[in-house]
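Engineer: First, the structure itself, so that you have it in front of you.
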Amino acid sequence: MNKEFFEAVKLLEAEKGISADYIYDKIKAAIISATRNQYGNRDNVVCEIDPDKQTMSVYVNIAVVDEVSDPAAEMTLEEARSYDKNAQVGSFIQLPLEPKKFGRIVAQTAKSVIRQGIREAERELASKEFQNRYQEVVTAKVQMVDPETGDASIEIGRANAFFPKADQLPNDNLKPGQLIKVYVASIKEEGTTSYANISRRHPGLVKRLFETEVPEIYDGIVEIMSVSREAGSRTKIAVFSKDENVDAVGACIGQRGQRVNNIIDALCGEKIDIVRYSENPAEYIAAALAPAQVISVDIDETQAKSCHVVVPDNQLSLAIGNKGQNVRLAARLTGWKIDIKPQSEQE
7 MNKEFFEAVK LLEAEKGISA DYIYDKIKAA IISATRNQYG NRDNVVCEID PDKQTMSVYV
67 NIAVVDEVSD PAAEMTLEEA RSYDKNAQVG SFIQLPLEPK KFGRIVAQTA KSVIRQGIRE
127 AERELASKEF QNRYQEVVTA KVQMVDPETG DASIEIGRAN AFFPKADQLP NDNLKPGQLI
187 KVYVASIKEE GTTSYANISR RHPGLVKRLF ETEVPEIYDG IVEIMSVSRE AGSRTKIAVF
247 SKDENVDAVG ACIGQRGQRV NNIIDALCGE KIDIVRYSEN PAEYIAAALA PAQVISVDID
307 ETQAKSCHVV VPDNQLSLAI GNKGQNVRLA ARLTGWKIDI KPQSEQE
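Oh and the sequence shown: position 144 is 150 in this note's numbering, straight run, nothing missing.
Here is the structure:
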């Protein structure tokens with residue numbers, strides 16, 4: 007029985023990542039708490055567990071006295087010497103208790119305390135897991151998906167997290183066992199427990215994916231200046247090179263587009279426009295409107311961060327984009343209000 011017990015604790019430690027010492031402490035506390043009720047709730051019940059020797063013992067400390075006033079905690083010298091011939095008044099006799107004699111109620115109480123302790127340990131581990139990965143991209147494993155709502159349960163390291171449909175990409179089709187890239191957007195503290203907001207829609211996901219995929223960004227040679235995103239559809243990202251010998255846009259695209267394609271795959275085919283950042287507002291705005299060609303960008307001096315852009319007539323719909331998406335993303339990327347006109351109207 008002892009061997010199976012200690013093997014079960016080792017297995018629990020391996021599966022849950024909970025320290026074996028923590029589990030033993032909870033088991034000892036549970037047994038002591040449950041057994042005390044049989045001895046008048048006194049503090050004379052002791053539980054000792056030795057993992058090395060694979061032994062567990064439970065005993066009651068009984069005081070040796072001249073006259074017994076509390077039978078649950080005291081015994082006479084004559085009784086004591088039936089256990090220990092060298093017993094003296096003022097000493098203690100350790101009376102072993104066999105677990106099988108604890109009774110069903112004691113066992114149930116112990117199990118309840120142990121389960122609660124394990125849940126607390128799991129919550130603590132989850133809190134540490136999320137804290138260590140705050141605002142980072144992590145690989146999560148889908149555990150289960152609600153067929154009606156689309157909400158999912160995912161595993162991140164040794165922690166589990168709720169992943170609502172609202173934070174998934176529109177074209178995500180999650181299945182149990184699937185590995186996905188997610189972003190730990192925020193952490194909410196409630197008492198001693200941390201709850202993570204997991205997202206695949208957050209702009210930070212794209213930024214972190216580029217940092218992971220592009221060594222020049224990780225090394226600080228290329229800097230991401232801004233990101234604007236409509237999750238599942240299109241993203242614009244502005245990059246700047248601190249080294250004139252390094253092309254920021256080319257570094258992000260990679261040889262034969264390999265780097266950016268890896269990110270597009272992770273985002274289920276989301277389109278990505280990589281824009282070269284410039285401190286010149288006109289140049290930056292023109293670049294942000296890609297893939298459309300721009301004839302001119304005129305800064306409106308009467309309004310803060312407002313400009314008028316002229317494009318060829320055949321580029322107007324491209325510059326505006328489907329339902330205004332391209333110009334909307336460009337405006338968010340640059341922080342400028344952009345008014346677009348075709349060349350014929352301007353003339």
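For glycine and all other residues, C-beta sits at the position ideal for the given N, C-alpha and C. These numbers come from a predicted model, not from an experiment.
According to DSSP, simplified to helix, strand and coil, what is residue 120?
Structural biologist: Here the question's residue 120 lines up with position 114 in the sequence shown. Helix, per DSSP.
Engineer: Measure how close the beta-carbons of residue 301 and residue 322 come, nearest whole angstrom, since I'm counting them as under 8 Å.
Structural biologist: Numbered from 1 along the sequence shown, position 295 holds the residue referred to as residue 301. Numbered from 1 along the sequence shown, position 316 holds the residue referred to as residue 322. With a Cβ gap of about 11 Å, residue 301 and residue 322 do not count as contacting.
Engineer: Would you mind working out which of 155, 185, 154, 94 sits nearest residue 84, comparing C-alpha positions?
Structural biologist: Position 78 of the sequence shown, counting from 1, holds the residue named residue 84. The option with the nearest alpha carbon to residue 84 is 94.
Engineer: Can you confirm whether the region 239 to 247 touches the region 180 to 196 when touching is taken to mean that 3 or more C-beta pairs between the two stretches lie within less than 8 Å?
Structural biologist: The region 180 to 196 is not in contact with the region 239 to 247.
Engineer: Is the beta carbon of residue 281 closer than 8 Å to that of residue 298?
Structural biologist: Along the sequence shown, read from residue 1 onward, the residue named residue 298 stands at position 292. Along the sequence shown, read from residue 1 onward, the residue named residue 281 stands at position 275. Result no, Cβ atoms of residue 298 and residue 281 do not sit closer than 8 Å.
Engineer: Who are the Cβ neighbours of residue 265 in its own chain at under 7 Å, not counting the five residues just before and after it?
Structural biologist: By 1-based counting over the sequence shown, the position of residue 265 is 259. Correct list, in chain order: 219, 220, 258, 259.
Engineer: Please confirm if the region 221 to 229 is in contact with the region 158 to 168, defined as three or more CB-CB distances below 8 Å between the two stretches.
Structural biologist: Too few Cβ pairs lie closer than 8 Å, so no.
Engineer: By DSSP, does residue 369 sit in helix, in strand, or in coil?
Structural biologist: Look at the range of the chain in this structure, 7 to 353, and you will see that residue 369 is not part of it.
Engineer: Where do the N-terminal and C-terminal ends of the alpha helix (DSSP H) with residue 100 fall, by residue?
Structural biologist: Indexing the sequence shown from 1 puts residue 100 at position 94. Where residue 100 is concerned, there is no enclosing alpha helix (DSSP H), although the beta strand (DSSP E) it sits in stretches over 98 to 103.
Engineer: Nearest by alpha-carbon distance to residue 380: which of 64, 236, 216, 99 is it?
Structural biologist: For residue 380 there is no data in the structure shown, the boundaries of the chain being 7 and 353.
Engineer: Can you name the residues that DSSP bridges to residue 290?
Structural biologist: Here residue 290 refers to the residue found at position 284 when the sequence shown is read from its first residue. Answer by DSSP bridge pairing: none, since residue 290 is not bridged.
Engineer: With a threshold of 7 Å on Cβ separation, who are the neighbours of residue 283 within its own chain once the five nearest residues in sequence on each side are excluded?
Structural biologist: Against the sequence shown, residue 283 aligns to sequence position 277. The answer, listed in chain order, is 231, 244, 245, 246, 290.
Engineer: Compare the beta carbon distance of residue 51 and residue 29 with 8 Å and say whether it is the shorter of the two.
Structural biologist: Here residue 51 refers to the residue found at position 45 when the sequence shown is read from its first residue. Here residue 29 refers to the residue found at position 23 when the sequence shown is read from its first residue. No, these two residues do not count as a Cβ contact at 8 Å.
Engineer: Give the list of continuous beta strand (DSSP E) stretches no shorter than 3 residues that lie fully inside the region 58 to 104.
Structural biologist: Taking only runs of at least 3 residues, the beta strand (DSSP E) segments lying wholly in the region 58 to 104 are 61 to 71, 80 to 82, 98 to 103.
Engineer: Considering only residues of the region 245 to 273, which uninterrupted alpha helix (DSSP H) runs meet the minimum length of 4 residues and lie entirely inside it, listed in chain order?
Structural biologist: Taking only runs of at least 4 residues, the alpha helix (DSSP H) segments lying wholly in the region 245 to 273 are 254 to 259, 264 to 272.
Engineer: Do residue 54 and residue 69 have their CB atoms nearer than 8 Å?
Structural biologist: Counted from its first residue, the sequence shown places residue 54 at position 48. Counted from its first residue, the sequence shown places residue 69 at position 63. Taking 8 Å as the Cβ cut-off, residue 54 and residue 69 do not qualify as a contacting pair.
Engineer: Given this structure, state the Cα-to-Cα distance separating residue 149 from residue 25, to the nearest angstrom.
Structural biologist: Position 143 of the sequence shown, counted from the start, is the residue given in the question as residue 149. Position 19 of the sequence shown, counted from the start, is the residue given in the question as residue 25. Roughly 24 Å between the two C-alpha positions.
Engineer: Please report the distance separating the alpha-carbon of residue 268 from that of residue 216.
Structural biologist: As a working mapping, residue 268 is identified with position 262 in the sequence shown. As a working mapping, residue 216 is identified with position 210 in the sequence shown. For residue 268 and residue 216, the distance between alpha carbons rounds to 10 Å.
Engineer: Quick one: residues in its chain with C-beta nearer than 6 Å to the C-beta of residue 38, no 5 flanking neighbours on either side, listed in chain order?
Structural biologist: Here residue 38 corresponds to residue number 32 of the sequence shown, with the count starting at 1. Same-chain partners within the cutoff: 51, 53.
Engineer: Once the 5 residues before and after residue 316 are set aside, which same chain residues still bring their CB inside 7 Å of it?
Structural biologist: As a first step, residue 316 must be located in the sequence shown, where it is residue number 310. Once the five neighbours on either side are set aside, the close Cβ partners of residue 316 are 301, 302, 347, 349, 352.
Engineer: Based on Cα-Cα distance, which residue from 141, 147, 174 lies nearest to residue 384?
Structural biologist: As shown, the chain starts at 7 and ends at 353. That puts residue 384 outside it, with no answer to give.
Engineer: Go ahead and label residue 32 buried or exposed: buried means 16 or more other beta carbons lie within 10 angstroms of its beta carbon, across all protein chains shown.
Structural biologist: Translated into the one-based positions of the sequence shown, residue 32 becomes position 26. Answer is buried; the Cβ neighbour count reaches 16.
Engineer: Round the Cβ separation of residue 276 and residue 238 to the nearest angstrom and send it over; I've been treating them as touching at under 8 Å.
Structural biologist: Taking the sequence shown and counting its residues from 1, the one referred to as residue 276 is at position 270. Taking the sequence shown and counting its residues from 1, the one referred to as residue 238 is at position 232. Confirmed, Cβ separation roughly 6 Å.
Engineer: Classify residue 332 as buried or exposed, calling it buried when 16 or more other Cβ atoms lie within 10 Å of its own Cβ.
Structural biologist: What you label residue 332 is simply residue 326 of the sequence shown in a count that begins at 1. The residue in question, residue 332, is buried, as its Cβ has 16 or more Cβ neighbours within 10 Å.
Engineer: For residue 263, which residues in the same chain have their Cβ closer than 8 Å to its Cβ, ignoring the five residues on either side in sequence?
Structural biologist: Along the sequence shown, one-based indexing puts residue 263 at 257. Closer than 8 Å at Cβ, skipping near neighbours: no residue.
Engineer: So the alpha helix (DSSP H) residue 149 belongs to, where does it begin and stop?
Structural biologist: To locate residue 149, count along the sequence shown from 1; it is residue 143. Counting along the chain, residue 149 falls outside any alpha helix (DSSP H), though it belongs to the beta strand (DSSP E) covering 143 to 151.
Engineer: Less than 6 Å between C-beta atoms, sequence neighbours within five positions excluded: which residues of the same chain meet that for residue 191?
Structural biologist: Along the sequence shown, read from residue 1 onward, the residue named residue 191 stands at position 185. Correct list, in chain order: 203, 205, 208.
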